[in-house]
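**Student:** When the letters of the sequence shown are read in order and numbered with numbering that gives the first Met the number 0, they come out as residues 0 to 220.
Virtual Cβ for every residue (Gly too), placed ideally from N, Cα, C.
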Amino acid sequence: MRHVRRRLPGLVPGFLVLALVLAAALLGLAGPASAHDAAESTSPAQGAALAAPPAEVSVTFSSKPLGIGSSFSVKDAGGTEWADGAVRIVDNVATQKLRPGGPAGKYTVAWRVVGSDSHPIEGTFTFTAASGAAAPATSGTSPVGSPTAAGAVPGMGTAQPGITEEPSGPANAGEPFQWSIVLFAVVVVGLLVALGVLARRRLGVDGDAGDDGDTAEDGRG
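1) Name the two residues that bound the continuous beta strand (DSSP E) containing ARG87.
2) Where do the N-terminal and C-terminal ends of the beta strand (DSSP E) with ALA51 fall, by residue?
3) Please go through the same chain and pick out, in chain order, the residues whose beta-carbon is closer than 8 Å to the beta-carbon of LEU97, but skip the five residues on each side of it.
4) Got a sec? Which residues, its chain only, sit under 8 Å from ARG87 by beta carbon, not counting five neighbours each side?
5) Thinking C-beta only, is ALA132 closer than 7 Å to GLY104?
6) When the Cα atoms are used, what is the spatial distance from SER61 to ASP90?
7) Alpha carbon to alpha carbon, what distance is there between GLY122 and GLY78?
8) Buried or exposed: VAL108, going by 16 or more other Cβ atoms within 10 Å of its Cβ?
9) Can you tell me the Cβ-Cβ gap for THR127 and LEU49, rounded? I've got them flagged as a contact below 8 Å.
10) Using C-beta distances below 8 Å, list every residue in its chain close to ASP36, excluding the 5 sequence neighbours before and after it, in chain order.
11) Measure the C-alpha to C-alpha separation of PRO99 and ALA38 and round it to an integer number of angstroms.
12) What three-state label does DSSP hand ALA38 in the structure shown?
13) Beta strand (DSSP E) containing TRP225: first to last residue?
14) Determine the direct distance from the alpha carbon of ALA184 to that of GLN45, and round the result to whole angstroms.
15) Taking only three categories from DSSP, how would you classify ARG111?
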């Protein structure tokens, strides 16, 4: 009994170290799995000063966005919309064409896409143009505007046909709280407490048995 009692205190730290290693591994796996797609760069860059309004604007993402629910709004300082047609997605770049003839001044681009993990991503950036773009030559006939697809968002680039866009939170909203991390922590703490209680009980039982044995030996003596 004394031999068993001496071994138990040496085994408990080993169990505790194993539990901590498993917890660290689980938390390490939970971190990358919870990451969402994100915007990496814009064209024009945020705050860029251009000679004239560009023919298109684009946003590059960490992964290729889904082809649904994408929209761009490009407005000048007076609030006029200059986005023209549907958003084009090639690889991990979403591009929006602009109508020609934009004035000089500041432009604000508001974009929204659905990431590869089906998580909505949105944001804004601005740029300025030193001079206005040349307006296209007009003819006697009225130009035919781009058809508006079903489900388009008013004042923004044409959305995908037949798609109703889900409202999303603010652009700067934090990522959803990862309850899996809390669950892992609770499991680890519970395991540590259980091991501690078990060790104390085993030590108590073995101690009582050892004392009884010692008493018996003393009685024989």
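**Tutor:** Let's see:
1) Per DSSP, ARG87 belongs to the beta strand (DSSP E) from 87-89.
2) Taken as a continuous stretch (DSSP letters only), ALA51 belongs to no beta strand (DSSP E), as it is neither H nor E.
3) PRO52, PRO53, ALA54, GLU55, VAL56, VAL73, TRP81, ALA82, ASP83
4) ALA93, THR94, GLN95, LYS96
5) no
6) Straight-line Cα distance between these residues: approximately 10 Å.
7) 18 Å
8) buried
9) 7 Å
10) PHE60, SER61, SER62, PRO64, GLY114, SER115, ASP116, HIS118, ILE120
11) 26 Å
12) strand
13) Residue 225 lies beyond the stretch modelled for the chain, which goes from 0 to 220, so this question has no answer here.
14) 40 Å
15) strand
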